[in-house]
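Some notes on the structure that comes next.
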Amino acid sequence: MPAPAPLAQDFYARGARAVAADLIGCRLVHRLPDGERLVLRLVEVEAYLGDGSDPASHAHRGPTARNRSMFGPPGRLYAYLSHGLHTCVNVVCEADGVGAAVLLRAGEPVCGEARMRENRGPIARRGGRRAVASGPGRLAAALGLGLGDDGRSLLRGALVILPRQTSASAPRITAGPRVGITKAADLPYRYFDADSDCVSPFRAGGR
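FYI, in the working numbering the residues of the sequence shown are 54 to 260.
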(Lines of atoms letter the chains of each structure in order from A and count residues from 1; the text may use other names and numbers.)
(Lines give C-alpha, C1' and ligand atoms only; values in the text may rest on other atoms or scores of the structure.)
Protein backbone atom coordinates (compact mmCIF):
# COMPACT_ATOMS: atom_id res chain seq x y z
CA MET A 1 0.00 0.00 0.00
CA PRO A 2 1.57 3.36 -1.02
CA ALA A 3 2.54 5.83 1.68
CA PRO A 4 0.14 8.78 2.04
CA ALA A 5 1.18 12.05 0.45
CA PRO A 6 2.00 14.99 2.75
CA LEU A 7 -0.66 17.63 3.30
CA ALA A 8 -0.71 19.93 0.28
CA GLN A 9 -0.45 23.72 0.28
CA ASP A 10 -4.22 24.01 -0.21
CA PHE A 11 -4.69 22.46 3.24
CA TYR A 12 -2.71 25.30 4.84
CA ALA A 13 -4.12 28.09 2.66
CA ARG A 14 -7.23 28.40 4.85
CA GLY A 15 -8.24 30.16 8.06
CA ALA A 16 -5.97 29.41 11.01
CA ARG A 17 -8.78 28.00 13.16
CA ALA A 18 -9.91 25.58 10.47
CA VAL A 19 -6.34 24.43 9.88
CA ALA A 20 -5.77 24.03 13.62
CA ALA A 21 -8.80 21.78 14.13
CA ASP A 22 -7.92 19.67 11.10
CA LEU A 23 -4.32 19.17 12.26
CA ILE A 24 -5.46 17.15 15.29
CA GLY A 25 -4.74 13.50 14.53
CA CYS A 26 -2.31 14.28 11.68
CA ARG A 27 1.26 12.99 11.89
CA LEU A 28 4.30 15.26 11.97
CA VAL A 29 7.29 13.45 10.44
CA HIS A 30 10.95 14.47 10.64
CA ARG A 31 13.45 12.30 8.79
CA LEU A 32 16.85 12.89 10.36
CA PRO A 33 20.10 13.10 8.34
CA ASP A 34 20.99 9.54 9.45
CA GLY A 35 17.71 8.26 8.00
CA GLU A 36 15.76 7.68 11.22
CA ARG A 37 12.13 8.84 11.10
CA LEU A 38 10.62 10.59 14.11
CA VAL A 39 6.83 10.67 14.03
CA LEU A 40 4.38 12.42 16.35
CA ARG A 41 0.59 12.30 16.15
CA LEU A 42 -0.55 15.87 16.80
CA VAL A 43 -2.96 16.12 19.73
CA GLU A 44 -2.87 19.80 20.72
CA VAL A 45 -2.44 23.02 18.74
CA GLU A 46 -3.27 26.73 19.01
CA ALA A 47 -4.41 29.08 16.25
CA TYR A 48 -2.99 32.61 16.00
CA LEU A 49 -4.80 34.89 13.58
CA GLY A 50 -3.34 37.49 11.23
CA ASP A 51 -6.42 39.59 10.51
CA GLY A 52 -5.72 42.18 13.23
CA SER A 53 -8.25 40.73 15.69
CA ASP A 54 -5.76 38.67 17.73
CA PRO A 55 -3.38 40.72 19.90
CA ALA A 56 -1.70 37.51 21.15
CA SER A 57 -0.45 36.77 17.63
CA HIS A 58 3.19 37.55 16.82
CA ALA A 59 1.89 39.04 13.56
CA HIS A 60 -0.41 41.54 15.24
CA ARG A 61 1.95 44.50 14.80
CA GLY A 62 3.14 43.51 11.33
CA PRO A 63 6.27 41.86 9.93
CA THR A 64 9.56 41.93 11.83
CA ALA A 65 12.89 40.14 11.46
CA ARG A 66 11.67 37.59 14.01
CA ASN A 67 8.26 36.77 12.54
CA ARG A 68 8.96 37.15 8.80
CA SER A 69 8.26 33.47 8.09
CA MET A 70 4.80 33.81 9.62
CA PHE A 71 3.72 35.92 6.66
CA GLY A 72 3.92 33.09 4.16
CA PRO A 73 3.74 31.32 1.95
CA PRO A 74 1.42 28.82 3.66
CA GLY A 75 2.81 25.35 4.34
CA ARG A 76 6.06 26.48 5.93
CA LEU A 77 7.42 26.31 9.45
CA TYR A 78 7.62 29.38 11.67
CA ALA A 79 10.10 28.77 14.51
CA TYR A 80 10.85 31.17 17.34
CA LEU A 81 12.60 31.18 20.70
CA SER A 82 10.33 31.36 23.76
CA HIS A 83 11.69 33.15 26.84
CA GLY A 84 15.15 32.84 25.33
CA LEU A 85 15.20 29.11 26.05
CA HIS A 86 12.86 26.88 24.07
CA THR A 87 12.22 26.67 20.35
CA CYS A 88 8.51 26.58 19.45
CA VAL A 89 7.32 25.59 15.98
CA ASN A 90 4.25 26.72 14.09
CA VAL A 91 2.57 25.87 10.80
CA VAL A 92 2.10 28.94 8.58
CA CYS A 93 -1.37 29.15 7.07
CA GLU A 94 -3.88 31.37 5.22
CA ALA A 95 -2.35 33.45 2.38
CA ASP A 96 0.89 35.25 1.61
CA GLY A 97 1.17 38.43 3.63
CA VAL A 98 -1.53 37.59 6.19
CA GLY A 99 0.66 36.46 9.11
CA ALA A 100 -1.36 33.56 10.54
CA ALA A 101 0.00 30.37 12.06
CA VAL A 102 -0.83 27.37 14.23
CA LEU A 103 1.41 26.57 17.20
CA LEU A 104 2.13 22.85 17.58
CA ARG A 105 1.67 22.24 21.32
CA ALA A 106 1.75 18.48 21.91
CA GLY A 107 2.03 15.12 20.19
CA GLU A 108 1.91 11.40 20.85
CA PRO A 109 5.07 9.44 19.92
CA VAL A 110 4.37 7.07 17.02
CA CYS A 111 7.83 6.20 15.72
CA GLY A 112 11.33 6.88 17.07
CA GLU A 113 10.32 7.43 20.71
CA ALA A 114 13.74 6.41 22.07
CA ARG A 115 15.48 8.98 19.84
CA MET A 116 12.97 11.64 20.86
CA ARG A 117 13.71 11.00 24.52
CA GLU A 118 17.41 11.20 23.76
CA ASN A 119 16.88 14.53 22.01
CA ARG A 120 15.03 15.85 25.06
CA GLY A 121 17.81 14.87 27.47
CA PRO A 122 17.90 13.02 30.80
CA ILE A 123 14.66 14.50 32.11
CA ALA A 124 12.66 12.72 29.36
CA ARG A 125 14.33 9.32 29.58
CA ARG A 126 11.81 8.17 32.12
CA GLY A 127 8.09 8.68 32.57
CA GLY A 128 5.14 7.96 30.29
CA ARG A 129 4.42 9.15 26.78
CA ARG A 130 3.41 12.59 28.04
CA ALA A 131 7.02 13.23 29.05
CA VAL A 132 8.17 13.13 25.43
CA ALA A 133 6.38 15.94 23.56
CA SER A 134 3.74 17.48 25.79
CA GLY A 135 4.26 21.23 25.46
CA PRO A 136 5.56 23.24 22.48
CA GLY A 137 9.19 23.42 23.63
CA ARG A 138 9.26 19.70 24.31
CA LEU A 139 7.71 18.91 20.93
CA ALA A 140 10.32 20.84 18.97
CA ALA A 141 13.19 19.41 21.02
CA ALA A 142 11.91 15.85 20.70
CA LEU A 143 11.86 16.13 16.90
CA GLY A 144 15.27 17.79 16.77
CA LEU A 145 13.90 21.09 15.44
CA GLY A 146 15.50 24.46 16.17
CA LEU A 147 15.62 28.07 15.02
CA GLY A 148 17.54 26.96 11.94
CA ASP A 149 14.34 25.31 10.70
CA ASP A 150 12.47 28.62 10.54
CA GLY A 151 10.94 29.02 7.08
CA ARG A 152 11.40 25.36 6.17
CA SER A 153 8.83 23.84 3.79
CA LEU A 154 6.39 21.24 5.11
CA LEU A 155 5.18 20.27 1.65
CA ARG A 156 7.94 17.80 0.71
CA GLY A 157 11.29 16.51 1.84
CA ALA A 158 12.46 15.45 5.28
CA LEU A 159 9.89 17.45 7.29
CA VAL A 160 6.22 16.93 6.41
CA ILE A 161 2.79 16.50 7.95
CA LEU A 162 0.78 13.47 6.88
CA PRO A 163 -3.03 13.33 7.00
CA ARG A 164 -4.95 11.40 9.62
CA GLN A 165 -4.85 7.66 9.12
CA THR A 166 -8.09 6.55 7.54
CA SER A 167 -8.03 3.34 9.60
CA ALA A 168 -7.95 5.24 12.90
CA SER A 169 -11.03 6.51 14.70
CA ALA A 170 -11.66 10.24 14.39
CA PRO A 171 -10.25 12.27 17.29
CA ARG A 172 -12.69 13.86 19.72
CA ILE A 173 -11.66 17.47 19.17
CA THR A 174 -12.35 20.03 21.88
CA ALA A 175 -11.66 23.77 21.80
CA GLY A 176 -10.71 26.03 24.69
CA PRO A 177 -8.65 29.09 25.66
CA ARG A 178 -4.98 29.20 24.75
CA VAL A 179 -2.29 28.56 27.35
CA GLY A 180 0.39 30.86 28.77
CA ILE A 181 -0.72 34.15 27.21
CA THR A 182 -2.07 37.35 28.73
CA LYS A 183 -3.69 39.02 25.70
CA ALA A 184 -6.91 37.59 24.23
CA ALA A 185 -6.58 34.73 26.73
CA ASP A 186 -10.30 33.99 26.64
CA LEU A 187 -10.51 33.22 22.92
CA PRO A 188 -11.15 29.47 22.32
CA TYR A 189 -8.41 28.99 19.75
CA ARG A 190 -6.73 25.96 21.35
CA TYR A 191 -7.76 22.60 19.89
CA PHE A 192 -6.93 19.22 21.39
CA ASP A 193 -7.82 15.55 21.32
CA ALA A 194 -9.91 15.11 24.45
CA ASP A 195 -9.07 11.40 24.60
CA SER A 196 -5.28 11.77 24.43
CA ASP A 197 -3.09 11.39 27.50
CA CYS A 198 -0.40 13.50 25.83
CA VAL A 199 -2.22 16.83 25.88
CA SER A 200 -0.12 19.30 27.86
CA PRO A 201 -0.88 19.53 31.60
CA PHE A 202 -3.64 21.91 32.66
CA ARG A 203 -2.51 25.42 33.46
CA ALA A 204 -4.23 28.78 33.71
CA GLY A 205 -6.16 29.32 30.51
CA GLY A 206 -6.43 25.57 30.01
CA ARG A 207 -9.28 23.35 29.02
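Beta carbons: idealized from backbone N, C-alpha and C, even for Gly.
| Item | Value |
| --- | --- |
| Nearest candidate by alpha-carbon position, reference Ala112, set His83, Leu91, Asn143 and Ala66 | Asn143 |
| Leu93 to Arg173 span [Cα, whole Å] | 14 Å |
| Beta carbon of Leu101 nearer than 8 Å to that of Leu156 | Checking the displayed sequence, the identity of residue 101 turns out to be Tyr instead of Leu. Yes, the pair counts as a contact, with Cβ atoms nearer than the cut-off. |
| Continuous alpha helix (DSSP H) stretch holding Gly160: start and end | Not the alpha helix (DSSP H): Gly160 falls in the beta strand (DSSP E), residues Ala153 to Cys164. |
| Span separating the alpha-carbon of Gly150 from that of Gly229 | 27 Å |
| Residue closest to Pro241, alpha-carbon to alpha-carbon, out of Ala58, Leu85, Gly128 and Ala109 | Ala109 |
| Touching by the beta-carbon criterion (3+ pairs, under 8 Å), the segment 80-87 and the segment 211-228 | yes |
| Cβ pair count under 8 Å reaching 3, the segment 113-130 against the segment 54-68 | yes |
| Host alpha helix (DSSP H) of Tyr65 (start-end) | Gln62 to Tyr65 |
| Candidates Val145, Arg183 and Gly152: closest to Ala195 by CA position | Arg183 |
| Inter-residue Cα distance where the pair is Val98 and Gly105 | 20 Å |
| Three-state secondary structure (DSSP) of Asn120 | coil |
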